[in-house]
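Structure, as C-alpha coordinates:
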Amino acid sequence: MPCVIQNPRHYSYYACLHHRCIETHRGNKLIISEHLAKRLVAAYGLQVPPGQVAQTPEAATAVARELGGLAFAVKALIPTGGRGKAGGVKLCSSIEAVTEAAHSLLGHELLGCQVTTVLVEKAMPITREIYAGVITNSASDRIDLVVSFAGGMDIENTAQSGHQAIWQLPVEPGDILPVYRVRQWLSQARVEDVNIEALAHVLVTLYRAAADLDAILLEINPLAVLTDASLALLDCKLEVDDNSLPRHPELAEVYRSSLSSRELRARELGVSYVPLDGDIGVITSGAGLGMCTIDLLKQQGLNPANFLDTGGGISATLVQGALELIMEPPQVRGAIINLYGGINRMLEASKGIVAALQTIPGERPLVVKILGNQQEEAWAMLETAPNVHVIRVVQTEDAVSRLAGLVS
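According to the working numbering, the sequence shown is numbered sequentially starting from 978.
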(Lines of atoms letter the chains of each structure in order from A and count residues from 1; the text may use other names and numbers.)
(Lines give C-alpha, C1' and ligand atoms only; values in the text may rest on other atoms or scores of the structure.)
Protein backbone atom coordinates (compact mmCIF):
# COMPACT_ATOMS: atom_id res chain seq x y z
CA MET A 1 0.00 0.00 0.00
CA PRO A 2 1.24 3.55 -0.63
CA CYS A 3 2.69 5.35 2.33
CA VAL A 4 2.90 9.15 2.42
CA ILE A 5 6.06 10.24 4.18
CA GLN A 6 5.69 13.39 6.20
CA ASN A 7 8.99 15.21 6.45
CA PRO A 8 8.37 18.58 8.11
CA ARG A 9 11.49 20.55 8.90
CA HIS A 10 10.23 22.63 11.81
CA TYR A 11 12.99 21.59 14.18
CA SER A 12 14.03 23.77 17.08
CA TYR A 13 17.60 25.00 17.29
CA TYR A 14 18.24 22.45 19.99
CA ALA A 15 16.79 19.52 18.06
CA CYS A 16 18.80 20.36 14.95
CA LEU A 17 21.97 20.80 16.95
CA HIS A 18 21.41 17.59 18.88
CA HIS A 19 20.96 15.69 15.62
CA ARG A 20 24.21 17.08 14.23
CA CYS A 21 26.13 16.27 17.39
CA ILE A 22 24.78 12.73 17.67
CA GLU A 23 25.48 12.13 14.01
CA THR A 24 29.08 13.30 14.38
CA HIS A 25 29.53 11.27 17.55
CA ARG A 26 28.44 8.10 15.76
CA GLY A 27 30.42 8.86 12.64
CA ASN A 28 30.37 11.56 9.99
CA LYS A 29 28.71 11.12 6.65
CA LEU A 30 30.67 11.84 3.51
CA ILE A 31 28.70 13.90 0.99
CA ILE A 32 29.85 12.92 -2.50
CA SER A 33 29.83 15.64 -5.15
CA GLU A 34 27.23 15.15 -7.85
CA HIS A 35 29.69 14.50 -10.67
CA LEU A 36 31.52 11.79 -8.70
CA ALA A 37 28.25 10.27 -7.46
CA LYS A 38 27.02 10.00 -11.03
CA ARG A 39 30.27 8.40 -12.12
CA LEU A 40 29.95 5.80 -9.36
CA VAL A 41 26.35 4.85 -10.17
CA ALA A 42 26.93 5.00 -13.94
CA ALA A 43 29.39 2.13 -13.45
CA TYR A 44 26.30 0.00 -12.71
CA GLY A 45 24.93 0.68 -16.20
CA LEU A 46 22.60 3.54 -15.34
CA GLN A 47 22.22 6.44 -17.77
CA VAL A 48 23.53 9.88 -16.75
CA PRO A 49 23.93 13.05 -18.84
CA PRO A 50 27.36 13.58 -20.40
CA GLY A 51 29.22 16.36 -18.63
CA GLN A 52 32.36 17.64 -16.95
CA VAL A 53 33.28 19.94 -14.08
CA ALA A 54 34.79 23.39 -14.53
CA GLN A 55 36.29 25.95 -12.15
CA THR A 56 36.37 28.95 -14.48
CA PRO A 57 33.89 30.39 -17.00
CA GLU A 58 36.42 29.70 -19.74
CA ALA A 59 36.67 26.05 -18.75
CA ALA A 60 32.87 25.79 -18.65
CA THR A 61 32.71 27.20 -22.17
CA ALA A 62 35.26 24.66 -23.36
CA VAL A 63 33.24 21.82 -21.83
CA ALA A 64 30.09 23.01 -23.59
CA ARG A 65 31.90 23.17 -26.94
CA GLU A 66 33.21 19.64 -26.42
CA LEU A 67 29.76 18.32 -25.51
CA GLY A 68 28.20 19.92 -28.58
CA GLY A 69 24.61 20.92 -29.14
CA LEU A 70 22.73 23.98 -27.91
CA ALA A 71 21.08 22.80 -24.69
CA PHE A 72 23.03 22.59 -21.44
CA ALA A 73 22.66 22.64 -17.68
CA VAL A 74 25.17 24.48 -15.49
CA LYS A 75 25.05 23.41 -11.84
CA ALA A 76 26.78 24.80 -8.77
CA LEU A 77 28.51 21.97 -6.90
CA ILE A 78 27.81 22.64 -3.24
CA PRO A 79 27.29 20.18 -0.35
CA THR A 80 23.69 21.13 0.42
CA GLY A 81 20.20 20.71 -0.97
CA GLY A 82 17.82 23.29 -2.36
CA ARG A 83 20.21 24.77 -4.90
CA GLY A 84 17.65 24.56 -7.71
CA LYS A 85 15.22 26.90 -6.00
CA ALA A 86 18.12 29.15 -4.98
CA GLY A 87 19.26 29.66 -8.58
CA GLY A 88 22.11 27.17 -8.48
CA VAL A 89 20.98 25.24 -11.57
CA LYS A 90 20.81 27.19 -14.82
CA LEU A 91 19.46 25.85 -18.12
CA CYS A 92 21.23 27.32 -21.13
CA SER A 93 20.27 27.36 -24.80
CA SER A 94 23.64 28.44 -26.17
CA ILE A 95 27.34 28.21 -25.43
CA GLU A 96 27.37 31.93 -24.66
CA ALA A 97 24.68 31.34 -22.04
CA VAL A 98 26.88 28.66 -20.46
CA THR A 99 29.67 31.21 -20.10
CA GLU A 100 27.31 33.71 -18.48
CA ALA A 101 25.84 31.08 -16.15
CA ALA A 102 29.26 29.92 -14.99
CA HIS A 103 30.33 33.51 -14.43
CA SER A 104 27.22 34.19 -12.33
CA LEU A 105 27.83 31.14 -10.11
CA LEU A 106 31.59 30.77 -9.70
CA GLY A 107 33.10 32.79 -6.88
CA HIS A 108 29.71 33.65 -5.42
CA GLU A 109 27.98 32.39 -2.28
CA LEU A 110 24.96 30.13 -2.57
CA LEU A 111 23.05 28.82 0.45
CA GLY A 112 25.97 29.69 2.68
CA CYS A 113 28.52 27.88 0.49
CA GLN A 114 31.18 29.37 -1.75
CA VAL A 115 30.82 28.08 -5.31
CA THR A 116 34.23 27.02 -6.61
CA THR A 117 33.17 24.40 -9.16
CA VAL A 118 30.30 23.95 -11.59
CA LEU A 119 29.10 20.89 -13.46
CA VAL A 120 28.34 21.48 -17.14
CA GLU A 121 26.08 18.83 -18.66
CA LYS A 122 24.34 18.27 -21.93
CA ALA A 123 20.60 18.77 -21.45
CA MET A 124 18.39 15.75 -22.10
CA PRO A 125 14.83 15.83 -23.54
CA ILE A 126 12.45 14.78 -20.77
CA THR A 127 8.73 14.10 -20.56
CA ARG A 128 8.34 13.60 -16.80
CA GLU A 129 10.26 13.70 -13.53
CA ILE A 130 10.30 10.98 -10.87
CA TYR A 131 11.82 10.98 -7.40
CA ALA A 132 13.74 7.84 -6.40
CA GLY A 133 15.71 7.22 -3.24
CA VAL A 134 17.42 4.49 -1.24
CA ILE A 135 17.44 5.70 2.36
CA THR A 136 18.79 4.20 5.56
CA ASN A 137 15.96 4.36 8.11
CA SER A 138 17.56 4.45 11.56
CA ALA A 139 14.15 4.38 13.25
CA SER A 140 13.17 1.03 11.76
CA ASP A 141 16.69 -0.34 11.16
CA ARG A 142 15.72 -1.02 7.56
CA ILE A 143 16.43 0.30 4.10
CA ASP A 144 13.60 2.30 2.52
CA LEU A 145 13.15 2.28 -1.23
CA VAL A 146 11.21 5.48 -1.94
CA VAL A 147 9.49 6.63 -5.13
CA SER A 148 7.27 9.56 -6.04
CA PHE A 149 5.84 10.11 -9.49
CA ALA A 150 5.79 13.84 -8.71
CA GLY A 151 9.53 14.42 -8.59
CA GLY A 152 11.47 17.64 -9.01
CA MET A 153 12.27 20.64 -6.84
CA ASP A 154 8.96 20.55 -4.97
CA ILE A 155 9.31 17.00 -3.66
CA GLU A 156 9.53 18.15 -0.02
CA ASN A 157 6.31 20.16 -0.34
CA THR A 158 4.73 17.12 -1.95
CA ALA A 159 5.73 14.97 1.02
CA GLN A 160 4.40 17.45 3.55
CA SER A 161 1.13 18.21 1.79
CA GLY A 162 0.18 14.62 1.09
CA HIS A 163 -1.44 15.63 -2.22
CA GLN A 164 0.73 13.12 -4.05
CA ALA A 165 1.58 9.70 -2.65
CA ILE A 166 5.20 8.90 -1.93
CA TRP A 167 5.60 5.15 -2.20
CA GLN A 168 7.82 3.45 0.36
CA LEU A 169 9.09 -0.14 0.25
CA PRO A 170 10.95 -1.25 3.40
CA VAL A 171 13.75 -3.77 2.83
CA GLU A 172 15.61 -5.72 5.48
CA PRO A 173 19.38 -5.01 5.41
CA GLY A 174 21.20 -7.71 3.49
CA ASP A 175 18.10 -8.89 1.63
CA ILE A 176 18.39 -9.54 -2.08
CA LEU A 177 15.84 -7.33 -3.81
CA PRO A 178 14.50 -9.06 -6.94
CA VAL A 179 13.12 -7.05 -9.83
CA TYR A 180 9.76 -8.84 -9.71
CA ARG A 181 9.15 -7.69 -6.13
CA VAL A 182 9.79 -4.05 -7.06
CA ARG A 183 7.69 -4.40 -10.22
CA GLN A 184 4.73 -5.76 -8.24
CA TRP A 185 5.09 -2.94 -5.72
CA LEU A 186 5.23 -0.25 -8.44
CA SER A 187 2.25 -1.69 -10.31
CA GLN A 188 0.00 -0.56 -7.45
CA ALA A 189 0.66 3.06 -8.47
CA ARG A 190 -1.20 2.54 -11.78
CA VAL A 191 0.95 5.05 -13.66
CA GLU A 192 0.35 4.89 -17.41
CA ASP A 193 3.18 6.90 -18.94
CA VAL A 194 6.12 5.20 -17.20
CA ASN A 195 7.72 1.90 -18.18
CA ILE A 196 7.32 0.08 -14.85
CA GLU A 197 9.63 -2.74 -15.91
CA ALA A 198 12.45 -0.30 -16.73
CA LEU A 199 11.82 1.66 -13.54
CA ALA A 200 11.96 -1.52 -11.46
CA HIS A 201 15.33 -2.40 -12.99
CA VAL A 202 16.68 1.09 -12.22
CA LEU A 203 15.48 0.94 -8.61
CA VAL A 204 17.00 -2.49 -8.02
CA THR A 205 20.27 -1.25 -9.50
CA LEU A 206 20.22 1.79 -7.21
CA TYR A 207 19.59 -0.50 -4.24
CA ARG A 208 22.60 -2.63 -5.18
CA ALA A 209 24.79 0.42 -5.72
CA ALA A 210 23.78 1.86 -2.35
CA ALA A 211 24.63 -1.41 -0.62
CA ASP A 212 28.00 -1.69 -2.38
CA LEU A 213 28.90 1.92 -1.54
CA ASP A 214 27.71 1.75 2.11
CA ALA A 215 25.38 4.64 1.33
CA ILE A 216 23.31 6.31 4.01
CA LEU A 217 21.39 8.05 1.24
CA LEU A 218 21.26 7.60 -2.53
CA GLU A 219 18.73 10.04 -3.96
CA ILE A 220 17.86 10.65 -7.60
CA ASN A 221 15.78 13.77 -8.14
CA PRO A 222 14.85 13.91 -10.84
CA LEU A 223 14.96 10.48 -12.38
CA ALA A 224 13.84 11.61 -15.81
CA VAL A 225 11.68 9.82 -18.34
CA LEU A 226 13.19 10.79 -21.70
CA THR A 227 11.35 11.21 -24.99
CA ASP A 228 12.51 7.73 -26.05
CA ALA A 229 10.94 6.31 -22.82
CA SER A 230 14.33 5.49 -21.29
CA LEU A 231 15.30 6.67 -17.80
CA ALA A 232 18.20 8.97 -16.92
CA LEU A 233 19.62 10.21 -13.62
CA LEU A 234 19.63 14.00 -14.01
CA ASP A 235 20.71 14.62 -10.41
CA CYS A 236 22.32 12.33 -7.86
CA LYS A 237 22.81 12.87 -4.15
CA LEU A 238 25.04 10.34 -2.41
CA GLU A 239 25.96 10.26 1.27
CA VAL A 240 28.31 7.54 2.52
CA ASP A 241 29.02 6.44 6.10
CA ASP A 242 32.63 7.44 6.74
CA ASN A 243 33.09 4.39 8.98
CA SER A 244 33.07 2.37 5.75
CA LEU A 245 35.95 4.27 4.12
CA PRO A 246 38.50 1.48 4.75
CA ARG A 247 36.41 -0.53 2.29
CA HIS A 248 36.42 2.35 -0.21
CA PRO A 249 39.98 3.65 -0.61
CA GLU A 250 38.88 5.54 -3.73
CA LEU A 251 36.71 7.74 -1.49
CA ALA A 252 39.20 8.25 1.36
CA GLU A 253 40.94 11.20 -0.29
CA VAL A 254 37.57 12.66 -1.26
CA TYR A 255 36.62 12.57 2.40
CA ARG A 256 39.83 14.23 3.58
CA SER A 257 39.49 16.96 0.98
CA SER A 258 35.92 17.63 2.16
CA LEU A 259 37.06 18.49 5.69
CA SER A 260 38.30 21.85 6.90
CA SER A 261 41.76 22.10 8.45
CA ARG A 262 40.20 22.15 11.93
CA GLU A 263 38.07 19.09 11.20
CA LEU A 264 41.17 17.25 9.99
CA ARG A 265 43.02 18.16 13.18
CA ALA A 266 40.07 16.97 15.25
CA ARG A 267 40.12 13.60 13.51
CA GLU A 268 43.85 13.31 14.12
CA LEU A 269 43.27 14.08 17.80
CA GLY A 270 40.51 11.48 17.96
CA VAL A 271 37.74 13.82 19.13
CA SER A 272 34.24 14.40 17.78
CA TYR A 273 34.07 17.97 16.47
CA VAL A 274 31.31 19.99 14.83
CA PRO A 275 31.99 23.64 13.89
CA LEU A 276 29.10 25.98 14.65
CA ASP A 277 28.55 29.68 13.98
CA GLY A 278 28.85 31.16 17.48
CA ASP A 279 31.64 32.71 19.56
CA ILE A 280 31.90 30.48 22.66
CA GLY A 281 34.23 27.48 22.54
CA VAL A 282 33.04 24.21 24.10
CA ILE A 283 34.87 21.07 25.25
CA THR A 284 33.05 18.24 27.05
CA SER A 285 33.69 14.59 27.91
CA GLY A 286 30.61 12.96 26.44
CA ALA A 287 28.07 13.78 23.73
CA GLY A 288 25.17 14.05 26.17
CA LEU A 289 27.10 16.36 28.47
CA GLY A 290 28.09 18.41 25.44
CA MET A 291 24.54 18.83 24.20
CA CYS A 292 23.34 19.76 27.68
CA THR A 293 26.12 22.35 27.95
CA ILE A 294 25.23 23.84 24.59
CA ASP A 295 21.54 24.05 25.51
CA LEU A 296 22.44 25.90 28.72
CA LEU A 297 24.68 28.30 26.80
CA LYS A 298 21.80 29.11 24.45
CA GLN A 299 19.48 29.70 27.40
CA GLN A 300 21.97 32.27 28.70
CA GLY A 301 22.07 34.00 25.31
CA LEU A 302 25.50 32.61 24.41
CA ASN A 303 26.19 31.08 20.99
CA PRO A 304 28.48 28.03 20.81
CA ALA A 305 31.29 28.12 18.27
CA ASN A 306 31.60 24.35 18.22
CA PHE A 307 30.72 20.99 19.69
CA LEU A 308 33.72 18.94 20.86
CA ASP A 309 33.50 15.63 22.69
CA THR A 310 36.80 14.24 23.98
CA GLY A 311 35.48 10.72 24.42
CA GLY A 312 36.91 8.36 27.02
CA GLY A 313 40.61 8.58 26.25
CA ILE A 314 41.63 11.92 27.74
CA SER A 315 45.34 12.73 27.83
CA ALA A 316 47.25 15.95 28.33
CA THR A 317 48.15 16.00 24.64
CA LEU A 318 44.54 15.49 23.56
CA VAL A 319 43.17 18.25 25.81
CA GLN A 320 45.93 20.65 24.78
CA GLY A 321 45.17 20.07 21.11
CA ALA A 322 41.43 20.36 21.67
CA LEU A 323 41.70 23.65 23.53
CA GLU A 324 44.06 25.12 20.94
CA LEU A 325 41.61 24.00 18.26
CA ILE A 326 38.48 25.62 19.70
CA MET A 327 40.28 28.86 20.62
CA GLU A 328 41.78 29.29 17.16
CA PRO A 329 38.82 31.06 15.46
CA PRO A 330 39.27 34.82 15.96
CA GLN A 331 35.59 35.34 16.83
CA VAL A 332 35.79 33.14 19.95
CA ARG A 333 35.37 35.37 23.04
CA GLY A 334 35.67 32.70 25.69
CA ALA A 335 35.25 29.00 26.33
CA ILE A 336 33.82 26.43 28.71
CA ILE A 337 35.36 23.05 29.53
CA ASN A 338 32.96 20.60 31.16
CA LEU A 339 34.63 17.29 32.10
CA TYR A 340 33.74 14.36 34.30
CA GLY A 341 36.43 11.89 35.31
CA GLY A 342 35.39 8.29 35.61
CA ILE A 343 38.02 6.48 33.61
CA ASN A 344 39.44 9.84 32.55
CA ARG A 345 42.05 11.35 34.88
CA MET A 346 41.33 15.01 35.48
CA LEU A 347 44.93 15.80 36.38
CA GLU A 348 45.91 14.86 32.83
CA ALA A 349 43.21 17.17 31.52
CA SER A 350 44.51 20.03 33.67
CA LYS A 351 48.04 19.50 32.38
CA GLY A 352 46.72 19.84 28.85
CA ILE A 353 44.81 23.02 29.70
CA VAL A 354 47.89 24.64 31.25
CA ALA A 355 50.05 23.66 28.27
CA ALA A 356 47.52 25.05 25.78
CA LEU A 357 47.26 28.38 27.60
CA GLN A 358 50.97 28.92 27.01
CA THR A 359 50.42 28.82 23.24
CA ILE A 360 47.01 30.54 22.89
CA PRO A 361 47.32 34.29 22.23
CA GLY A 362 45.18 36.89 23.97
CA GLU A 363 43.41 36.91 27.30
CA ARG A 364 40.00 35.32 26.92
CA PRO A 365 38.10 33.84 29.88
CA LEU A 366 38.06 30.08 30.28
CA VAL A 367 35.59 28.48 32.68
CA VAL A 368 36.56 24.94 33.68
CA LYS A 369 34.18 22.58 35.46
CA ILE A 370 36.08 19.42 36.41
CA LEU A 371 34.72 16.66 38.65
CA GLY A 372 35.68 13.09 39.39
CA ASN A 373 38.92 11.17 39.16
CA GLN A 374 41.81 13.32 40.55
CA GLN A 375 39.61 16.42 40.83
CA GLU A 376 41.46 17.92 43.82
CA GLU A 377 44.83 17.67 42.09
CA ALA A 378 43.33 19.17 38.94
CA TRP A 379 41.77 22.08 40.84
CA ALA A 380 45.08 22.85 42.54
CA MET A 381 46.94 22.95 39.22
CA LEU A 382 44.38 25.23 37.57
CA GLU A 383 44.16 27.72 40.46
CA THR A 384 47.31 29.50 39.29
CA ALA A 385 46.56 29.37 35.55
CA PRO A 386 45.82 32.80 33.99
CA ASN A 387 42.22 33.62 32.99
CA VAL A 388 40.97 30.23 34.25
CA HIS A 389 37.87 30.13 36.45
CA VAL A 390 37.40 26.78 38.18
CA ILE A 391 33.91 25.51 39.03
CA ARG A 392 33.76 22.83 41.72
CA VAL A 393 30.01 22.09 41.85
CA VAL A 394 27.95 19.54 39.95
CA GLN A 395 25.54 21.98 38.29
CA THR A 396 26.70 23.06 34.84
CA GLU A 397 24.38 26.09 35.17
CA ASP A 398 26.90 27.65 37.58
CA ALA A 399 29.70 27.34 35.02
CA VAL A 400 27.58 28.80 32.23
CA SER A 401 26.42 31.70 34.40
CA ARG A 402 30.01 32.48 35.35
CA LEU A 403 31.06 32.51 31.69
CA ALA A 404 28.10 34.70 30.72
CA GLY A 405 29.18 37.27 33.30
CA LEU A 406 32.79 37.20 32.14
CA VAL A 407 32.10 37.72 28.42
CA SER A 408 29.26 40.25 28.78
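Every residue, glycine too, gets a C-beta built ideally from N, C-alpha and C.
Tell me the start and end of each unbroken alpha helix (DSSP H) in the region 1330 to 1361 that is at least 4 residues and wholly inside, in chain order.
1352 to 1359
Identify whether Y1232 lies in helix, strand or coil by the three-state DSSP scheme.
Counting from one through the sequence shown, the residue named residue 1232 turns up at place 255. Helix.
Near I1330, what residues of its chain come up, given a Cβ to Cβ distance below 8 Å and the 5 sequence neighbours on each side ignored?
The sequence position of residue 1330 within the sequence shown is 353, counting from 1. V1296, Q1297, L1300, I1314, L1343, V1345, L1359, A1362 and V1365, listed in sequence order.
In or out: R1167 buried (at least 16 other Cβ within 10 Å) or exposed?
Taking the first residue of the sequence shown as 1, we reach residue 1167 at position 190. R1167 should be labelled exposed.
By the DSSP assignment, the beta strand (DSSP E) with Q1029 in it spans what residues?
Position 52 of the sequence shown, counting from 1, holds the residue named residue 1029. Residues G1028 to A1031.
Using only CA atoms, which one of E1305, E1086 and N1350 lies nearest to E1340?
Walking along the sequence shown from the start, residue 1340 turns up at place 363. Of the listed residues, the one whose Cα sits closest to E1340 is E1305.
Could you please give me the residues that DSSP links to D1212 through a beta bridge?
Working through the sequence shown from its first residue, we reach residue 1212 at position 235. In DSSP, D1212 forms no bridge with anything.
Using three-state DSSP, classify T1094 as helix, strand or coil.
Translated into positions along the sequence shown, residue 1094 becomes position 117. In this structure, T1094 counts as coil in the three-state DSSP scheme.
Per DSSP, what kind of secondary structure is C998 in: helix, strand or coil?
The count along the sequence shown starts at 1 and reaches residue 998 at position 21. With a pLDDT of 36 at C998, under the threshold of 50, the modelled position of this residue cannot be trusted; read the value that follows with caution. Looking at C998 - three-state DSSP - the assignment turns out to be helix.
Looking only at its own chain, which residues have a Cβ that is under 7 Å from the Cβ of A1326, when we skip the five neighbours before and after it?
In the sequence shown, counting from the first residue as 1, residue 1326 sits at position 349. I1291, V1296, L1316, I1347 and A1355, listed in sequence order.
Boundaries of the beta strand (DSSP E) in which L1068 is found, first to last residue
Taking the sequence shown and counting its residues from 1, the one referred to as residue 1068 is at position 91. Run containing L1068: V1066 to C1069, per the beta strand (DSSP E) assignment.
Leaving out five residues before and five after D1212 in sequence, what residues of the same chain have Cβ atoms less than 6 Å from its Cβ?
As a position in the sequence shown, residue 1212 is number 235, starting the count at 1. Once the five neighbours on either side are set aside, the close Cβ partners of D1212 are N1198.
Using 8 Å for Cβ pairs, my map puts T1104 next to L1054. What's the rounded Cβ distance?
Taking the first residue of the sequence shown as position 1, residue 1104 is located at position 127. Taking the first residue of the sequence shown as position 1, residue 1054 is located at position 77. With 8 Å as the limit, T1104 and L1054 do not qualify as a contact, their Cβ atoms being about 27 Å apart.
Pair within 8 Å by beta-carbon distance, V1040 and A1031:
Numbered from 1 along the sequence shown, position 63 holds the residue referred to as residue 1040. Numbered from 1 along the sequence shown, position 54 holds the residue referred to as residue 1031. Contact flag set, yes.
Using a 10 Å radius around the Cβ and a threshold of 16 neighbouring Cβ atoms, would you call S1262 buried or exposed?
Numbered from 1 along the sequence shown, position 285 holds the residue referred to as residue 1262. By the neighbour-count rule (16 or more Cβ atoms within 10 Å), S1262 is buried.
Below 8 Å on the Cβ atoms is my guess for I1257 versus A1282; work out the distance and round it to an integer in Å.
Against the sequence shown, residue 1257 aligns to sequence position 280. Against the sequence shown, residue 1282 aligns to sequence position 305. Sure, about 6 Å apart at Cβ, within 8 Å.
Could you tell me whether the region 1108 to 1128 touches the region 1172 to 1192, using the rule of 3 or more Cβ pairs below 8 Å?
yes
Using a Cβ-Cβ cut-off of 8 Å (strictly less than) and excluding sequence neighbours within five positions of E1374, which residues of its own chain qualify?
Within the sequence shown, numbered from 1, the residue matching residue 1374 stands at position 397. Cβ neighbours of E1374 beyond the five flanking positions: L1273.
Between Q1276, Q1165 and D1170, which lies nearest to Q1145 when the distance is taken from Cα to Cα?
Numbered from 1 along the sequence shown, position 168 holds the residue referred to as residue 1145. Checking every option, the nearest Cα to that of Q1145 belongs to Q1165.
Segment limits, beta strand (DSSP E) that includes H1366:
Stepping through the sequence shown from its first residue, residue 1366 is reached at position 389. Taken as a continuous stretch (DSSP letters only), the beta strand (DSSP E) holding H1366 covers V1365 to I1368.
Segment limits, beta strand (DSSP E) that includes G1110:
If you number the sequence shown from 1, residue 1110 lands on position 133. Note, G1110: beta strand (DSSP E), I1103 to N1114.
Would H1085 be called buried (16 or more neighbouring beta carbons within 10 Å of its own) or exposed?
Counted from its first residue, the sequence shown places residue 1085 at position 108. H1085 comes out exposed.
Round the Cβ separation of A1381 and Q1308 to the nearest angstrom and send it over; I've been treating them as touching at under 8 Å.
As a first step, residue 1381 is located in the sequence shown; it is residue number 404 there, counting from the start. As a first step, residue 1308 is located in the sequence shown; it is residue number 331 there, counting from the start. A1381 to Q1308, Cβ: 17 Å. No contact.
Beta carbon of A1312, beta carbon of V1259: below 8 Å?
To locate residue 1312, count along the sequence shown from 1; it is residue 335. To locate residue 1259, count along the sequence shown from 1; it is residue 282. Yes, these two residues count as a Cβ contact at 8 Å.
For my contact list, L1007 and D1219 are in at a C-beta cut-off of 8 Å; report their separation, rounded to the angstrom.
On the sequence shown, position 30 is the one that residue 1007 refers to. On the sequence shown, position 242 is the one that residue 1219 refers to. The Cβ separation is near 5 Å, so the contact holds.
On the DSSP bridge assignment, give the partners of F1284 in chain order.
The residue you call residue 1284 lines up with position 307 of the sequence shown. DSSP output for F1284 lists V1251 as bridge partner(s).
What's the C-alpha gap between Q1161 and V1066?
Sequence index remark: in the sequence shown, residue 1161 carries index 184 (1-based). Sequence index remark: in the sequence shown, residue 1066 carries index 89 (1-based). In a straight line, the C-alpha of Q1161 is about 35 Å away from that of V1066.
Going along the chain, which unbroken runs of the beta strand (DSSP E) with 3 or more residues stay wholly within the region 1266 to 1321?
1283 to 1286 and 1311 to 1318
Using 10 angstroms around the beta-carbon of Y1250, count the other beta-carbons present and answer buried if the total reaches 16, otherwise exposed.
Taking the sequence shown and counting its residues from 1, one reaches residue 1250 at position 273. Looking at its Cβ environment, which holds 16 or more other Cβ atoms inside 10 Å, Y1250 is buried.
Could you name the residues that DSSP lists as bridge partners for L1194?
Residue numbering aside, residue 1194 sits at position 217 when the sequence shown is read from its first letter. Answer by DSSP bridge pairing, in chain order: I1112 and E1216.
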